[in-house]
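Sequences listed follow chains H and R, in order. Residue numbering for the first sequence follows this note's numbering, beginning at 86 and increasing consecutively. Residue numbering for the second sequence follows this note's numbering, beginning at 114 and increasing consecutively. Cβ atoms here follow ideal geometry from the backbone N, Cα and C, with glycine treated the same way. All of these numbers come straight from a predicted model, not from anything done at the bench. To start, the structure under review is shown below, and the notes come after it.
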Amino acid sequence: MAGPKYPGFDTLALHAGQSPDAATGARAVPIYQTTSYVFRDAEHAASLFNMERAGHVYSRISNPTVAVLEERMAALEGGVGAIATASGQAALHLAIATLMDAGAHIVASLALYGGSHNLLGYTLKRFGIETTFVAPGDPEAWRGAIRPQTRLLFGETLGNPGLDVLDVPEVSSIAHAAGVPLLVDATFTTPYLMQPFALGADLLYHSATKFLGGHGTAIGGVLVDSGRFDWEASGRFPQLTAPYEGFHGMDFEEESGTRAFLLRARREGLRDFGACMAPMTAFQILQGIETLHLRMPRHVENTRQVVEFLSQHPQVERVMYPELASHPDHALAKRLLPKGCGAVFSFDLKGGREAGRRLIESLRVFSHLANVGDAKSLVIHPASTTHYRMSDADLAKARIGPGTVRLSIGLEDPQDLIEDLERSLRLPR
Amino acid sequence: MNFSVAGRSAFAYTAAHALDAAKPTLVFVHGAGLDHSWFGLQSRYFGYHGRNVLAVDLPGHGRSEGPPLASIAAMADWVAALLDAAKLGRAAVVGHSMGALVALEAAARHPQRVEAIALIGVAYPMRVSDAFLDAAGRNDQAAYDMETIWGHAAQVPLAGNPNPGMWMYGDTLARLARLAPGVLHGDLKACNDYTGGLEAAAKVSCPAHFILGARDVMTPPRSARALERAIAGARTVAVPVSGHSLMAEAPDATLDALIEALQPEAAA
């Protein structure tokens, strides 16, 4: 007897989380541009506030349009649920603020987006949360950095910008042996290229601004919980396993088991920090997700062509893309990313910083800006922009040199992208 | 709140309230492979509306010490023993799926303790297919997939969740992933082996309420008819949009049905 079957990824990308609108029959996701929701009566209001009934109260906590995005992302990632946030950085902050207090410690990969490095390395220090950065490919460094105060291991599925591939099975097993969860930033891979929960990660987030939205139109983030980490058994998370005075003495794990993390993140994090997503933003990101399974293969295919061109060009010192045998994580990428290594990568020009500047200023199809994951191709110089607050030593550890250029390959005709690069590289030095 | 039942640690969620023997009591009994939080919204409501709530983790589930109990009768006796441990006399028993069989059997075996029953997503006989049982016996992921997919209405994966931001399939799978090997198989076998349903139904002397999901493919409403007919005065509420996981798929309708069914004066 054949067992039952789950809907496929492509179907979930179009349908998960949304029923046709009950009031109007609208098939597209309606934009519920409202701050608040009328209660049926006083008893209904009290029941919603006390979590005795499901529903919406105030759009900072939940909103029907935003909820579709949250449920769709949870479906695509195989999680129990999700919370959409004002940005990817807000999602990272929400995860950390939900899991730990002053005095806690994080072990994080060195190969991070500059904004994440700033938050962990500088800003959170002011609030008493310390981070130890480790080389993402060094299991002993991860293991050795864990302290009794450690509450989280954190890395990017594909590290920014050198594309270090995080060995999610290995790092998650190190985390679990220590009784702490692994959080990954899955922005560069999207659920189309990698399913981090299936590999052992416990929590993940996306800058939905990038490939999920996919068109450079909206800033947003999504934090997803696998529901698989046992907070009670860990013993390190009183935030989730002890009565919380801020919510009628609720013990979130006792109250909701698999949903404990998201419950506190929503009921405290969105309530008190307030970095929620606007419904219009959720709609725009949903529009992107509906074609994610069509766009990502084209992003990857275009990238492969550009990578091939650059890796053979005499002006290029090296190309950092894990599908190349020269990349240190080539074997790992073949194992964890069989559908491709995404559409963001870096390369070093002979001639250093000045050569990089000339190239960027000569490109016509590529846009010089601080974003990735757009349908349009983008270019930036990390050492002077996204990662400019990092020391030279940390830059080197993250494989960023003075001449490193980062490209985000879009959906244009790949020959036009190659010709744009070829022409710019041909210009007199 | 932790209790000691038959010398083993047993957990029941009380909605963060102390128990008070002067209040009416509701016991919530979960289905196969699940735990107390399956009744999260509903049990919390009653805990904040004047009832003692004991939303149990059956032995070997959630926070209760194992081993799991092998039969519906043993589970029914365990519920009565939990009331003893909690120093509470009588209670209404709300059960879902396997837990509904436990509530039925408890009403028959312990009529002096059970003042009303609410049977949610119930069938009798509660036959489990060989394929499902075999997969559960092997602790094969296929069993968890069957429990998840058949445990919800067909439209669930392509529809919204009443609980904002949650993915019902993912939640069920995450719960099942936490189970010790063999627990789901033991529960399914207890359901499949239970043959005392009609005999128990004939003995039920308290008010009985059925709450059934119209789109339930695990225990379709028609499979509850024999029990409905066998319990004198039983009442049935059909929840139109729900499959088997009524507390998650139709939380408000399920709660409203329970409020209507379990008014203290109705049970008196």
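Residue i, buried or exposed, once every other Cβ within 10 Å from all chains shown has been counted against 16
i: H:R125; result: exposed
i: R:E218; result: buried
i: R:A381; result: Residue confidence for R:A381 is low, a pLDDT of 43 falling below 50, so the modelled location carries little weight and cannot support an answer.
i: H:R420; result: exposed
i: R:P364; result: buried
i: H:M86; result: Residue confidence is low: H:M86 scores 48 on pLDDT, short of 50, so the model does not pin down where it sits. Its coordinate-derived value is still stated next. With fewer than 16 Cβ atoms within 10 Å of its Cβ, H:M86 is classed as exposed.
i: H:E408; result: buried
i: H:A230; result: buried
i: H:T235; result: buried
i: H:F322; result: buried
i: H:Y207; result: exposed
i: R:N115; result: exposed
i: H:D357; result: exposed
i: H:E225; result: exposed
i: H:I304; result: buried
i: H:V123; result: exposed
i: H:R403; result: buried
CB contact below 8 Å: residue i versus chain R
i: H:Q397; result: no
i: H:Q280; result: no
i: H:G495; result: no
i: H:M136; result: yes
i: H:G373; result: no
i: H:Q103; result: yes
i: H:M86; result: The predicted position of H:M86 is uncertain, since its pLDDT is 48 and thus under 50; a value taken from the coordinates is nonetheless stated next. Yes, because at least one Cβ of chain R sits closer than 8 Å to the Cβ of H:M86.
i: H:Y277; result: no
i: H:M365; result: no
i: H:A98; result: no
i: H:G359; result: no
i: H:P266; result: no
i: H:R315; result: Looking at the sequence shown, residue 315 of chain H is not Arg but Asp. By this cut-off, H:D315 is an interface position.
Proximity test, Cβ basis, 8 Å: residue i and chain H
i: R:A290; result: yes
i: R:S122; result: no
i: R:P364; result: yes
i: R:N276; result: yes
i: R:V169; result: no
i: R:A287; result: yes
i: R:S210; result: no
i: R:A259; result: Reading the sequence as shown, one finds Met at residue 259 of chain R and not Ala. It does; some Cβ of chain H falls within 8 Å.
i: R:A374; result: no
i: R:W188; result: First, the amino acid is wrong: residue 188 of chain R is Met here, not Trp. No, no contact with chain H.
i: R:D284; result: yes
i: R:Y126; result: yes
Beta bridge counterpart(s) of residue i as assigned by DSSP
i: R:I324; result: R:I233 and R:V350
i: H:E215; result: H:H190
i: R:M259; result: Paired residue(s): none; R:M259 is not in a bridge.
i: H:L284; result: Bridge partners of H:L284: none, in fact.
i: H:A169; result: H:V307
i: R:V207; result: R:F141 and R:A231
i: R:L167; result: R:V140
N- and C-terminal bounds of the alpha helix (DSSP H) containing residue i
i: H:A416; result: H415 to L421
i: R:F124; result: Not the alpha helix (DSSP H): R:F124 falls in the beta strand (DSSP E), residues R121 to Y126.
i: R:A135; result: Here R:A135 belongs to no alpha helix (DSSP H), and DSSP marks it neither H nor E.
i: H:D270; result: No alpha helix (DSSP H) contains H:D270, which is instead part of the beta strand (DSSP E) from L267 to D270.
i: R:R384; result: Absent from the structure is residue 384 of chain R, since the part of chain R shown begins at 114 and ends at 381.
i: H:N387; result: L377 to S396
Opening and closing residue of the beta strand (DSSP E) in which residue i lies
i: R:A213; result: Careful: R:A213 lies outside any beta strand (DSSP E), inside the alpha helix (DSSP H) at M211 to R222.
i: H:R190; result: The amino acid at residue 190 of chain H is misidentified as Arg; the sequence shows His. Start and end: H190 to S194.
i: H:V429; result: V429 to L434
i: H:T235; result: T235 to E241
i: H:A207; result: Checking the sequence shown, residue 207 of chain H turns out to be Tyr, not Ala. Where H:Y207 is concerned, there is no enclosing beta strand (DSSP E), given that its DSSP letter is neither H nor E.
i: H:T294; result: Note, H:T294: premise wrong, no beta strand (DSSP E); not H, not E.
i: H:M365; result: Segment P364 to I374 is the alpha helix (DSSP H) holding H:M365; no beta strand (DSSP E) there.
i: H:M405; result: V401 to M405
i: H:R491; result: T489 to S493
i: R:S117; result: N115 to V118
i: H:V464; result: L463 to I465
Listed by chain order, chain A residues near residue i by CB distance under 8 Å
i: R:S177; result: Here the protein chains are H and R, and chain A is not one of them.
Counting Cβ pairs closer than 8 Å, one from the stretch 326–337 of chain R and one from the stretch 289–305 of chain R, do we hit at least three?
no
Just checking, does the stretch 283–291 of chain H make contact with the stretch 259–273 of chain H on the three C-beta pairs under 8 Å criterion?
yes
Decide if the stretch 311–325 of chain R is in contact with the stretch 266–285 of chain R; the criterion is three or more beta carbon pairs, one per stretch, under 8 Å apart.
no
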